[in-house]
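Novice: Pasting a structure below so you can have a look.
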Amino acid sequence: MSTDLLSIGAFARLCRLSVKQLRHYDELGLLPPKRVDAATGYRYYGRDQVRDAMAIALLRGFDVPLSSIARMLGGDRGVQDAVLRAEQRRLEERIAAQRRAWQALERLVAEGLLHQEVALSREPERRLLVCSAECAPEEIGAAMGRCVEQVTAAAAGLEWSPPLWGRFPVDLRERVAVAVGVAAPTAAPVPGTRVEHLPGGLAATALHTGPYEQLFLTYQAVFAWVHERALRPRGSVYEEYLDDPRTTDPAGLRTRIVVPLHEEE
Numbered sequence: 001m002s003t004d005l006l007s008i009g010a011f012a013r014l015c016r017l018s019v020k021q022l023r024h025y026d027e028l029g030l031l032p033p034k035r036v037d038a039a040t041g042y043r044y045y046g047r048d049q050v051r052d053a054m055a056i057a058l059l060r061g062f063d064v065p066l067s068s069i070a071r072m073l074g075g076d077r078g079v080q081d082a083v084l085r086a087e088q089r090r091l092e093e094r095i096a097a098q099r100r101a102w103q104a105l106e107r108l109v110a111e112g113l114l115h116q117e118v119a120l121s122r123e124p125e126r127r128l129l130v131c132s133a134e135c136a137p138e139e140i141g142a143a144m145g146r147c148v149e150q151v152t153a154a155a156a157g158l159e160w161s162p163p164l165w166g167r168f169p170v171d172l173r174e175r176v177a178v179a180v181g182v183a184a185p186t187a188a189p190v191p192g193t194r195v196e197h198l199p200g201g202l203a204a205t206a207l208h209t210g211p212y213e214q215l216f217l218t219y220q221a222v223f224a225w226v227h228e229r230a231l232r233p234r235g236s237v238y239e240e241y242l243d244d245p246r247t248t249d250p251a252g253l254r255t256r257i258v259v260p261l262h263e264e265e
């Protein structure tokens, strides 16, 4: 065996990683060993793999997607720099979102539950072109971001104007179906989207002003208002995004929450 190859244990020590981590990176296809002994199954690594091993560990610590890590490891310096810059932007956006969520926690602790103005309104039926996704509740923000990109790209050749709409289930479960839509200028579906109708009728509505990460505070106020009046939600809940987050400070974002209601006969 070449003296340039190290056993998995020696390589792990050199990189300050565990053997379990290295085996996992191999299983993911990110860092296969240079050689695997056919008789024993022992893995051997080269010294030239040390940098990649340490980079993978750091990137995984920042929750960088596997596809981005693979692209960076297999690319030239230009590709590596591009991946790092993109992931840095994603990390900074996540930190900013977490900071806004923390502010919501501080507000909840200091001020208690939100006293929000809620009103009954009669909503018109709306026809939307939508893109949808299924995700865990903690992944809703990321899933909605992807849906926004998909539906606006699909509708780019159409004459449509804001606002965007979001659709969510009334009750959050282990997996939730979400969607983003734009007002449909045509009844025909556009590739990559489908036509969906927002029901008209009675609804409880409230205007949330502030970051999306703090919407749950307004939702609590709306559903408390609905419960106190013995009203019953019907179908899904909707969000009407009145401002563009690309050009509006998070503190000034206006989102109208619409909760359709059953009408008693």
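Read left to right, the sequence shown gives residues 1 to 265 (full-length UniProt numbering).
In this text, a Cβ means the ideal position worked out from N, Cα and C, and glycines have one as well.
Is the segment 206-226 close to the segment 254-263, with three or more CB pairs under 8 Å?
Specialist: These segments touch.
Novice: Less than 7 Å between the beta carbons of Val259 and Ala224, yes or no?
Specialist: Going by C-beta atoms, Val259 is not nearer than 7 Å to Ala224.
Novice: I need the boundaries of the alpha helix (DSSP H) containing Ser68, first residue and last residue.
Specialist: Taken as a continuous stretch (DSSP letters only), the alpha helix (DSSP H) holding Ser68 covers 66-74.
Novice: In or out: Val109 buried (at least 16 other Cβ within 10 Å) or exposed?
Specialist: Classification for Val109: exposed.
Novice: Just reading off the alpha helix (DSSP H) that Leu172 is part of, what are its end residues?
Specialist: That residue, Leu172, is in no alpha helix (DSSP H); it is neither H nor E in DSSP.
Novice: What residue range is occupied by the uninterrupted beta strand (DSSP E) comprising Glu93?
Specialist: Per DSSP, Glu93 belongs to no beta strand (DSSP E); it is in the alpha helix (DSSP H), 77-111.
Novice: How many angstroms separate the CA atom of Met1 from the CA atom of Gly74?
Specialist: Residue confidence is low: Met1 scores 48 on pLDDT, short of 50, so the model does not pin down where it sits. Its coordinate-derived value is still stated next. Their backbone Cα atoms lie some 26 Å apart in a straight line.
Novice: Does the segment 145-155 touch the segment 163-180, meaning 3 or more C-beta pairs lie closer than 8 Å?
Specialist: Touching, per the Cβ criterion.
Novice: Is the CB of Arg51 under 7 Å away from at least one CB in chain D?
Specialist: Among the chains of the structure shown, chain D does not appear; only one protein chain is present.
Novice: The beta strand (DSSP E) spanning His208 covers which residue range?
Specialist: Its beta strand (DSSP E) spans residues 201-209.
Novice: What does the alpha-carbon distance come out to for the pair Leu158 and Gln116?
Specialist: Whole-angstrom Cα-Cα distance: 37 Å.
Novice: According to DSSP, simplified to helix, strand and coil, what is Arg61?
Specialist: The amino acid at residue 61 is misidentified as Arg; the sequence shows Gly. Three-state DSSP puts Gly61 in a helix.
Novice: Can you list, in chain order, the residues of its chain whose CB lies under 8 Å from that of Ala70, leaving out five sequence neighbours each side?
Specialist: The answer, listed in chain order, is Gly29, Leu30.
Novice: So Ala183 and Val195 are in contact, right, with Cβ under 8 Å, and what is the actual spacing, rounded?
Specialist: Rounded, the Cβ-Cβ distance is 11 Å, inconsistent with contact.
Novice: Indicate whether Val170 and Ile140 have their beta-carbon atoms separated by less than 7 Å.
Specialist: No, the pair does not count as a contact, with Cβ atoms beyond the cut-off.
Novice: Just the Cα atoms here: how many angstroms apart are Ala97 and Glu27?
Specialist: Straight-line Cα distance between these residues: approximately 32 Å.
Novice: Based on the DSSP output, what are the partners of Ala133 in its beta bridges?
Specialist: DSSP lists Val178 as partners of Ala133.
Novice: Just the Cα atoms here: how many angstroms apart are Val180 and Arg122?
Specialist: Taking the straight line joining both Cα atoms gives about 22 Å.
Novice: Taking just the CA atoms, how far does Phe168 sit from Leu198?
Specialist: Between Leu198 and Phe168, the C-alpha separation is close to 12 Å.
Novice: Measuring CB to CB, does Leu114 end up less than 7 Å from Ala221?
Specialist: Closer than 7 Å, so yes.
Novice: Between which two residues does the beta strand (DSSP E) harbouring Thr255 extend?
Specialist: It spans 254-260 - the beta strand (DSSP E) in which Thr255 sits, taken as one unbroken run.
Novice: Between which two residues does the beta strand (DSSP E) holding His197 run?
Specialist: Where His197 is concerned, the enclosing beta strand (DSSP E) stretches over 194-198.
Novice: Starting from Ala119 and walking both ways along the beta strand (DSSP E), at which residues does that stretch end?
Specialist: Counting along the chain, the beta strand (DSSP E) containing Ala119 begins and ends at 119-123.
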